[in-house]
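Going by my numbering, the first residue of the sequence shown is number 4, and it counts up by one from there.
Just so you know, even glycine gets a beta-carbon here, dropped at the ideal spot from N, CA and C.
What follows is a set of notes on a single structure, which appears directly below.
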Amino acid sequence: MMLNLASPLFFRAVLLTSATESGLYLAMPTIAASITGTVTGVAITKTGHLKWPLVSGAILFFLGDLLLCFMRRGWATWAYVLCLVPTSIGQGFQFPGTFIALLAASPHREQAVVTSTLQLWRALGSVLGVACSSLVFQNALLRYLVAYVSLPNGGGEEAEEWKRQFIERIRSTIEAVSELPDGPAKNEVILSYADACRATFWACLVFAFVSLLLILPIKLPRLGKK
4 MMLNLASPLF
14 FRAVLLTSAT
24 ESGLYLAMPT
34 IAASITGTVT
44 GVAITKTGHL
54 KWPLVSGAIL
64 FFLGDLLLCF
74 MRRGWATWAY
84 VLCLVPTSIG
94 QGFQFPGTFI
104 ALLAASPHRE
114 QAVVTSTLQL
124 WRALGSVLGV
134 ACSSLVFQNA
144 LLRYLVAYVS
154 LPNGGGEEAE
164 EWKRQFIERI
174 RSTIEAVSEL
184 PDGPAKNEVI
194 LSYADACRAT
204 FWACLVFAFV
214 SLLLILPIKL
224 PRLGKK
């Protein structure tokens, strides 16, 4: 969920795309996640194995986050979409995989409680993911704006005040980035947003790695024929 915050910001503030174009960037990964989820359910039914979707999803989350960490300006459109696809496919593996695995590993009388608890944790995970990624992004953005945005007219109190107000305006709305006139200030802001997004992607990579380590030792039963 952390990526859902950082990726659109990268497209809007770094690539300077419109809201519509940013949505189109995210359309293909969403379709990939839906198709993968459907195929995963069928594959689990056919094979009876429950662990491979969880492990595959965790690996793809890790690899997808790693790709996002290396995104740069100037790439072709298909390259950015390709970077988003692995995490979406990983989501397609894990969402039905965790649901079926929990049901298979739980007694019949506890399946209602297990299902509702899973939905609760997914909702909490979404909220916490957005909150944590926003915390990382906003703090990183402030740090990079302070470091990269240069003072006009050689400095002084008026220049410091201008820089403070400029940074506040840039952080208040993402539209302010595209509205800036071409020049050094705009390039400094874009660089700040790019590095802040990258810091968020690296944070996602750490969580993905921890998730993979937690999933690997799990033992799950095999689905029966009936």
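- According to the DSSP assignment, GLY128 belongs to the alpha helix (DSSP H) that extends over 114–151.
- Within the same chain, and ignoring the five residues on either side of ILE92 in sequence, the residues whose Cβ sits closer than 6 Å to its Cβ are ALA35, THR39, LEU63.
- Counting along the chain, the unbroken alpha helix (DSSP H) around LEU27 starts and ends at 22–50.
- Around GLN94, the same chain offers ALA36 as residues with beta carbons nearer than 6 Å, after the five sequence neighbours per side are excluded.
- Assignment of LEU19 by DSSP, reduced to helix, strand and coil, places it in the coil class.
- The alpha carbon of LEU208 has as its nearest neighbour, out of LEU70, THR48, SER25, LEU19, the alpha carbon of LEU70.
- Per the coordinates, the alpha-carbon of ILE103 lies some 18 Å from the alpha-carbon of SER214.
- Per the Cβ contact rule, the region 180–197 is in contact with the region 141–150 (3 or more Cβ pairs under 8 Å).
- Note on geometry: alpha-carbon atoms of THR43 and VAL116 lie some 24 Å from one another.
- Within 10 angstroms of the beta-carbon of THR80 lie fewer than 16 other beta-carbons, which makes it exposed.
- LEU226 is a Cβ neighbour of LEU53, given a cutoff of 8 Å.
- Rounded to the nearest whole angstrom, the CA to CA distance from PHE169 to SER137 is 20 Å.
- Contact between LEU57 and SER181 is absent: CB atoms are separated by about 41 Å, not below the 8 Å threshold.
- With a threshold of 16 other beta carbon atoms within 10 Å, PHE140 meets it and is buried.
- With a contact defined as Cβ atoms closer than 8 Å, SER25 and PRO11 qualify at about 5 Å.
- The Cβ neighbour count for ILE221, taken over all protein chains shown within 10 Å, is under 16; the residue is labelled exposed.
- When secondary structure is reduced to three states using DSSP, ASP198 falls in the helix class.
- Excluding its 5 nearest sequence neighbours in each direction, CYS86 has C-beta neighbours in its own chain below 6 Å: LEU70, LEU71, MET74, listed in chain order.
- In the structure shown, ASP68 falls within a helical segment according to DSSP collapsed to helix, strand and coil.
- Distance between GLU163 and ASP185, taken at the CA atoms: about 21 Å.
- Between the alpha carbons of TRP78 and SER175 lies a gap of roughly 28 Å.
- Burial is judged here by how many other beta carbons sit within 10 angstroms of a residue's own beta carbon; GLY128 has fewer than 16 and is exposed.
- Rounded to whole angstroms, the gap between the alpha carbons of SER59 and THR90 is 11 Å.
- VAL152 sits buried, since 16 or more C-beta atoms from the chains shown fall within 10 Å of its C-beta.
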